[in-house]
Amino acid sequence: MKRAARFIYLTCIYLFLYVPIFVLIAYSFNDTKYSTNWQGFTWKWYEQLFTDSPLKEALVNSLVIALLSSVTATLLGTLGAFAFYRYRFLGRKVMYSFIYIVMMSPDIVMGISLLMFFITIGLATGPLTLLLAHITFCLPFVVVTVYSRISGFDRNIIDVAKDLGASELQMFRHIMMPMLMPAIIAGWLLSFTLSLDDVVVSFFTTGPTFEILPLKIYSMVRLGIKPEINALSAVMFLLSLVTVTVAHLVTKENR
Amino acid sequence: MEKPPIVCLQGVTKRFDDVTAVDSLSLDIYQGEFLTLLGPSGCGKTTVLRLIAGFETLTSGEISMNGSRLNGTPPNKRNVNTVFQSYALFPHMSVFENIAFGLRMKQYEAKAIQGQVMEALDIVKMTGLEMRMPHQLSGGQQQRVAMARAIVNKPQVLLLDEPLSALDYRLRQEMEIELKRVHRQLGITFVFVTHDQEEAISMSDRIAVMNEGRIEQIGTPIQIYEEPENMFVAKFVGEINVFDGSVREVNNGSAVVDIHGESFPVQNRKKFGIGSDVKVLLRPEDIQVTVDEEWTNGEPSLAGRVEEVIYKGKTVDLIVKLDDGETIFVTQFFNEDQENVIYREGQRVHITWLYGWEVVL
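Heads up: the sequence lines are chains A and B, in that order. For the first sequence, counting from 1, position 124 maps to 124 in our numbering; every step adds exactly one. If you want our numbering, it's the 1-based position in the second sequence plus 255.
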């Protein structure tokens, strides 16, 4: 009885989470342009998506921005977390709290403030400002992820490495990096996905000629949901499924 | 020891903010010896070790090795290696890679590394386990790997920071013997830090007893145990009974001390004058107990009553309450002449000791 109740409860939760996604995937194969009635199976929305759809260019732009911003944020964030752990400097705790503040602050505030900042320093909005904005909001997530792992390390490990003749750089390269790898990968994935689906900050910080996927979809949806968008969403769902699985396997091996 | 010291500490002081961890301490460490820094937690013994290793910078004073100043030399440029209390093995590396790390940093050739790592594994008796990961090892095995990782670099001085304290009792005794063997086999200088006086006494060539950042006494285990120079050393190293007395007579090298109205002859190494207040210290095993019925001679003695009898197998421990209220602790060994002596609670006894077995401070 108790087991049955637990099973039903769990099923409900997962249905609630996944039914909308599966409905969307199903519609991406529906052979009709506007109706929500089932009109037969087709691949044509996928064909359109990968041939001449305006979505394709936006997707490429989005992936490039996501890749560049997540890699930069991961590099900077890892070094930052290491600095917070390794060195004692004035204002260290205050600075660490400020990292959280950036993470917590609403996207809308961040978007507007970044836009104001770019205007003030005379930087025209476009791919560069978009990239800078994405690095900014990804960075705290990397710092926090990496720091939470690094702070669980035995401090003596650093001393041991130096004791055995490693310079600061060798210690970081041979000891810290491999031990931090799972957290670095997790931070990178988080940044990548955050960057890929950000709407609000991107809305304020990109220029009129540089289109990225979430904004493109947003503008298209105002005229009704096109089946290509369903197809695109299905592709992206599959992509995230793959990345999550890979990330899981990688971090598991490192442990 | 006539050899010149390998490591020299002169007026070494280390302050952390307003806490003085090490207070103008001077110490010579000689080639090949097993020196133990013994003291309660917070006495500065680990700080001394970290100063020698180079993990901490001196507030003032000087540390030199082979006659050249070490101040400011980073740990990776010092010919010393440390074994930590927590072992601190690299969790992502196999046993082999852990031990090879130091040699890799020195850019040894792969072949040389292979040979030296195997040699180190052999010394700590871990051959065959080189491909294991640290989390697959027991505490004792991790300890051995940590040892191998340090000694493979052939340091002139090996620093050991309470390496046995995380092990259980049996394993600790086994590792004490192992450590001594490794020390003999390698012939390098060991500086060992511990708060465990038994460990210190059974392993060391010399012991430096530390308290509040200073060395209270330095000497062989026998000197430390049998001739403590002050109350701190006497009380920290082993059990000891303390009697208050005053000097009544002084003769050539000896004296007569009044304790609770009885006069006892004692040695007078510290040349106390007549009338001075002294403390007479006696180890539990140096005290003789005679039951009242067998007490025939009128020698000076302290009378009391047995409060508790604790049978220990090899020995029997007695807690005796003296007639003037003081409680003392006595250890009696069983011997063949006294086979039938069985102490009972409530028995009246007389306490004496052999002239010269006491310590007068």
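Just so it is clear, CB atoms sit at the ideal spot from N, CA and C, and this is done for glycine as well. Given the structure is predicted, the values throughout are model-derived calculations rather than measurements.
Review point. For A:Trp43, is the classification buried or exposed, using 16 other Cβ atoms within 10 angstroms of its Cβ as the cut-off for buried?
Key: exposed
Point to revise | Run of the beta strand (DSSP E) containing B:Lys534, from where it starts to where it stops | key: 532 to 537
Review point. Given that a residue counts as buried once 16 or more other Cβ atoms are within 10 Å of its Cβ, and exposed if not, what is B:Met386?
Key: exposed
Exercise for review: With 8 Å as the threshold, decide whether the Cβ of B:Thr337 is near any Cβ in chain A.
Suggested key: yes
**Study point:** Closer than 8 Å to chain A by CB, B:Pro346
**Key:** yes
Review point. Within 10 angstroms of its Cβ, does A:Arg255 collect 16 or more other Cβ (buried), or is it exposed?
Key: Low confidence applies to A:Arg255: its pLDDT is 46, below 50, so where it sits in the model is not reliable, and the reading given next is rough at best. Flag for A:Arg255 reads exposed.
Exercise for review: Please find out if some non-hydrogen atom of the ligand ATP comes closer than 7 Å to the beta-carbon of B:Ile529.
Suggested key: Absence of the ligand ATP is noted for the structure shown, with no ligands found whatsoever.
Review point. Under a Cβ-count criterion, where at least 16 other Cβ atoms within 10 Å of its own Cβ denotes burial, should A:Met1 be classed as buried or exposed?
Key: exposed
Exercise for review: Report back the beta-carbon spacing between A:Ile135 and A:Ala73 to the nearest angstrom; my notes put them in contact at under 8 Å.
Suggested key: 5 Å
Check your understanding: Under a CB-based cut-off of 8 Å, is B:Ser341 close to chain A?
Key -> yes
Check your understanding: So, is the C-beta of B:Ala308 closer than 8 Å to a C-beta in chain A?
Key -> yes
Practice item. Check the C-beta distance from B:Val627 over to B:Phe491 and give it rounded, since I have them as a contact under 8 Å. Key: Coverage of chain B is limited to positions 256 through 616, which leaves residue 627 of chain B absent and any answer about it impossible.
**Study point:** Rounded separation between A:Lys162 and A:Val221 - CA only
**Key:** 58 Å
Review point. If you draw a straight line from the alpha carbon of A:Met179 to that of B:Met458, how long is it in whole angstroms?
Key: 36 Å
Check your understanding: Taking Cβ positions, are A:Ala306 and A:Val143 nearer each other than 8 Å?
Key -> As displayed, chain A neither begins before 1 nor continues past 255, which places residue 306 of chain A out of reach and without an answer.
Review point. Does the distance from the C-beta atom of B:Glu581 to that of B:Ile574 stay below 8 Å?
Key: no
Review point. Going along the chain, which residues of its own chain have a beta-carbon closer than 7 Å to the beta-carbon of A:Val200, five neighbours each way excluded?
Key: Asp107, Ile108, Gly111
**Study point:** Assigned exposure category for A:Leu123 - 16 Cβ within 10 Å defines buried
**Key:** exposed
Exercise for review: Could you name the residues of chain B that A:Met179 contacts, counting a contact when the two beta carbons are closer than 7 Å?
Suggested key: Pro346, His347
Exercise for review: Give the straight-line distance between the Cα atoms of B:Ser501 and B:Glu482, rounded to the nearest whole angstrom.
Suggested key: 20 Å
Check your understanding: Quick one: complete beta strand (DSSP E) runs, 3+ long, within the region 288 to 374 of chain B?
Key -> 289 to 293, 315 to 320, 335 to 338
Exercise for review: Give the interface partners of A:Ser148 over in chain B, defined as CB-CB distance under 9 Å, in chain order.
Suggested key: Within chain B, no residue comes near A:Ser148; the closest Cβ sits about 17 Å away, beyond 9 Å.
Check your understanding: So who's on the other strand from A:Tyr14, going by DSSP bridges?
Key -> The partner list for A:Tyr14 (beta bridge, DSSP) is empty, contrary to what the question assumes.
Exercise for review: With 8 Å as the threshold, decide whether the Cβ of A:Asn156 is near any Cβ in chain B.
Suggested key: yes
Practice item. Rounded to whole angstroms, what's the CA-CA distance from B:Thr586 to B:Asp572? Just pull it up for me. Key: 4 Å
Check your understanding: Could you check where the beta strand (DSSP E) with B:Leu557 kicks off and where it finishes?
Key -> 557 to 566
Review point. Between B:Ile307 and B:Gln286, is the Cβ-Cβ spacing less than 8 Å?
Key: no
Point to revise | Contacting residues, own chain, Cβ-Cβ under 7 Å from A:Asp197 (five flanking each side not counted) | key: Pro214
Review point. How far does the beta strand (DSSP E) with B:Met465 in it reach, from first residue to last?
Key: 461 to 466
Exercise for review: Could you confirm whether any beta carbon from chain B is found closer than 8 Å to the beta carbon of A:Val64?
Suggested key: no
**Study point:** chain A residues whose Cβ lies nearer than 7 Å to that of B:Phe356
**Key:** Leu164
Point to revise | Presumed contact (8 Å Cβ cut-off) between B:Phe584 and B:Glu494, rounded CB distance | key: 6 Å
Review point. For B:Val379, which option in B:Ile406, B:Phe445, B:Gly568 has the closest C-alpha, if you only look at C-alpha atoms?
Key: B:Ile406
Check your understanding: Which residues mark the beginning and the end of the beta strand (DSSP E) in which B:Asp578 is found?
Key -> No beta strand (DSSP E) contains B:Asp578, which DSSP labels as neither H nor E.
Check your understanding: How many angstroms separate the CA atom of B:Arg599 from the CA atom of B:Val561?
Key -> 7 Å
Check your understanding: Between B:Phe351 and A:Ile175, is the Cβ-Cβ spacing less than 8 Å?
Key -> no
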